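*Asks:*
Numbering (the UniProt record's numbering), first residue to last: 1 to 290.
#1: So what does DSSP say about residue 129, is it helix, strand or coil?
#2: So, residue 97 versus residue 24, is the Cβ gap smaller than 8 Å?
#3: Around the Cβ of residue 193, are there at least 16 other Cβ atoms within 10 angstroms (buried) or fewer (exposed)?
#4: Near residue 40, which residues of its chain fall below 8 Å by C-beta distance, leaving aside the five closest residues on each side in sequence?
#5: How many whole angstroms separate the CB atoms of residue 366 and residue 129, which I take to be in contact at a CB cut-off of 8 Å?
#6: Taking the beta carbon of residue 206 as the centre, do at least 16 other beta carbons fall within 10 Å, making it buried, or is it exposed?
#7: If distances are taken between C-alpha atoms only, which option among 4, 6, 3, 287 comes closest to residue 154?
#8: Excluding the 5 residues preceding and the 5 following residue 60 in the sequence, name in chain order all residues of the same chain whose CB lies nearer than 8 Å to its CB.
#9: When burial is assigned at 16 or more other CB atoms within 10 Å of the CB, is residue 161 buried or exposed?
#10: For residue 196, is the classification buried or exposed, using 16 other Cβ atoms within 10 angstroms of its Cβ as the cut-off for buried?
#11: Check this for me: beta carbons of residue 215 and residue 198, under 8 Å apart or not?
#12: To which residues of the same chain is residue 11 closer than 7 Å at the C-beta, ignoring the five residues directly before and after it?
#13: Going by C-alpha distance, which of 9, 272, 285, 279 is nearest residue 149?
#14: If you count every other CB in all the chains shown that lies within 10 Å of the CB of residue 71, and 16 or more means buried, which is it?
#15: How about residue 201 and residue 147: do their beta carbons lie closer than 8 Å?
#16: Could you tell me if residue 209 is buried or exposed, where buried requires 16 or more neighbouring beta carbons within 10 angstroms of its beta carbon?
#17: With DSSP as the reference, label residue 67 as helix, strand or coil.
#18: Going by DSSP, name the residue or residues bridged to residue 43.
#19: How would you call residue 177, buried or exposed, if buried means at least 16 neighbouring beta carbons within 10 angstroms?
#20: At 4 residues or longer, what runs of the alpha helix (DSSP H) sit wholly inside the UniProt domain "DUF4037" (108 to 207)?
#21: In whole angstroms, give me the CA-to-CA distance for residue 184 and residue 226.
#22: Under the three-state reduction of DSSP, which class applies to residue 104: helix, strand or coil?
#23: Can you tell me where the alpha helix (DSSP H) holding residue 33 begins and where it ends?
#24: Quick check on residue 231: does DSSP put it in helix, strand or coil?
#25: Note down, in chain order, each residue of its chain lying with its Cβ closer than 6 Å to the Cβ of residue 113, except the 5 sequence neighbours on either side.
#26: By how many angstroms is the C-alpha of residue 28 removed from the C-alpha of residue 45?
#27: Quick test of your reading: residue 91 and residue 19, contact by CB under 8 Å. State the CB separation rounded to the nearest angstrom.
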């Protein structure tokens with residue numbers, strides 16, 4: 001289509017698939033196919049190029065077959081605008097609230113993490129101008145180190161408080177709902193910690209645990225957390241919590257974040273915060289992220 005109808009501007013069109021949709025994470029399956037799924041891609045243009053030929057390019061895109069290799073594109077109301085011709089500025093503004101990469105700690109912290117995951121997922125097939133990829137590359141380099149360290153300390157404190165401390169205490173009081181809440185907090189924090197230590201953004205909650213198994217570091221947490229959530233044996237749950245915390249402590253040591261013999265994660269969090277150079281971020285409460 002581009003070669004035959006837009007050859008003169010081919011060198012100005014970035015093409016790929018990223019943003020919303022499980023297919024952008026590579027996690028789509030049979031269940032995913034009931035909405036906003038099927039053959040599609042994105043064409044990203046600068047503002048000027050969108051004004052010059054964006055509508056014509058979209059009309060050409062709309063004429064492409066809806067079925068390709070036996071797969072049919074399905075669209076439900078509200079799913080428009082995920083694919084097709086998009087302004088580069090609009091794509092990033094949709095997910096990170098900016099038409100450029102964030103430049104300050106405040107800007108980084110203002111963006112929900114799963115939106116950052118959406119902004120960098122998928123693949124870019126071609127980007128002759130490099131403008132789309134330039135922003136993407138900054139985002140893929142991950143948070144500034146001060147922000148990452150603060151997140152590590154907050155997640156570590158949460159894991160210690162909810163899992164290593166409160167879960168067992170709630171059970172002793174026969175507060176089963178409170179114990180369930182503590183376990184929920186622990187799992188959320190442990191999953192997030194794994195992504196942070198991989199310098200990867202945590203995706204939307206329904207895919208966060210699934211994605212653990214594909215991480216280069218701490219992928220074994222996928223099965224341990226699965227067992228933690230499925231075993232009815234509370235003693236086994238308590239042991240799994242400690243096992244997961246030991247894995248985190250060991251990875252902290254390997255990355256030079258913290259070191260010591262104690263498996264109680266809160267022991268190390270103040271020392272992690274002390275590494276932060278930004279005065280305001282360093283001065284926040286141990287469990288306050290920003």
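Note that the Cβ used here is the ideal one computed from N, Cα and C, for glycine as well.
Note that the coordinates shown come from a computational prediction; the quantities given were computed from them, not determined experimentally.
*Replies:* Walking through what the data contain:
#1: As a first step, residue 129 must be located in the chain shown, where it is residue number 129. Here residue 129 sits in coil by DSSP.
#2: Residue mapping note: residue 97 aligns to position 97 of the chain shown, counting from 1. Residue mapping note: residue 24 aligns to position 24 of the chain shown, counting from 1. No, they are not a contact pair.
#3: The sequence position of residue 193 within the chain shown is 193, counting from 1. With 16 or more other Cβ atoms within 10 Å, it is buried.
#4: Position 40 of the chain shown, counted from the first residue, corresponds to residue 40. Taken in chain order, the residues that qualify are 17, 73, 82, 83, 84.
#5: The first residue shown for the chain is 1 and the last is 290, placing residue 366 beyond what the model contains.
#6: Stepping through the chain shown from its first residue, residue 206 is reached at position 206. Exposed: under 16 other Cβ atoms inside 10 Å.
#7: Residue mapping note: residue 154 aligns to position 154 of the chain shown, counting from 1. When only C-alpha atoms are compared, the closest one is 287.
#8: Your numbering for residue 60 matches position 60 in the chain shown. Cβ neighbours of residue 60 beyond the five flanking positions: 1, 5, 6.
#9: Along the chain shown, read from residue 1 onward, the residue named residue 161 stands at position 161. Buried, since its Cβ has 16 or more Cβ neighbours within 10 Å.
#10: Position 196 of the chain shown, counted from the start, is the residue given in the question as residue 196. Buried: at least 16 other Cβ atoms inside 10 Å.
#11: Translated into the one-based positions of the chain shown, residue 215 becomes position 215. Translated into the one-based positions of the chain shown, residue 198 becomes position 198. Their beta carbons are under 8 Å apart, which means residue 215 touches residue 198 by this criterion.
#12: Within the chain shown, residue 11 is the residue found at index 11, counting from 1. Excluding sequence neighbours, residue 11 sits near 128.
#13: Residue 149 sits at position 149 when you count from the first residue of the chain shown. It is 272 whose Cα lies nearest to the Cα of residue 149.
#14: As a working note, residue 71 is residue 71 in the chain shown. Exposed, since its Cβ has fewer than 16 Cβ neighbours within 10 Å.
#15: Indexing the chain shown from 1 puts residue 201 at position 201. Indexing the chain shown from 1 puts residue 147 at position 147. Against a cut-off of 8 Å, the Cβ pair of residue 147 and residue 201 comes out as no contact.
#16: Looking up residue 209 in the chain shown gives position 209. It counts as buried.
#17: Here residue 67 refers to the residue found at position 67 of the chain shown. Residue state, collapsed to three classes: strand.
#18: Position 43 of the chain shown, counted from the start, is the residue given in the question as residue 43. 15, 85.
#19: Here residue 177 refers to the residue found at position 177 when the chain shown is read from its first residue. Exposed: under 16 other Cβ atoms inside 10 Å.
#20: 113 to 120, 131 to 140, 145 to 159, 167 to 172, 176 to 197
#21: In the chain shown, residue 184 corresponds to position 184, counting from 1. In the chain shown, residue 226 corresponds to position 226, counting from 1. So the alpha carbons of these two residues sit roughly 12 Å apart.
#22: In the chain shown, the residue the question calls residue 104 occupies position 104. Reduced to three states, the DSSP call for residue 104 is coil.
#23: Translated into positions along the chain shown, residue 33 becomes position 33. Run containing residue 33: none; DSSP gives neither H nor E here.
#24: For the purposes of this step, residue 231 is taken as the residue at position 231 of the chain shown. Here residue 231 sits in coil by DSSP.
#25: The count along the chain shown starts at 1 and reaches residue 113 at position 113. Here the set comprises 201, 202.
#26: As a first step, residue 45 must be located in the chain shown, where it is residue number 45. As a first step, residue 28 must be located in the chain shown, where it is residue number 28. Answer to the nearest angstrom: the Cα atoms are 27 Å apart.
#27: Here residue 91 refers to the residue found at position 91 of the chain shown. Here residue 19 refers to the residue found at position 19 of the chain shown. Rounded, the Cβ-Cβ distance is 7 Å, consistent with contact.
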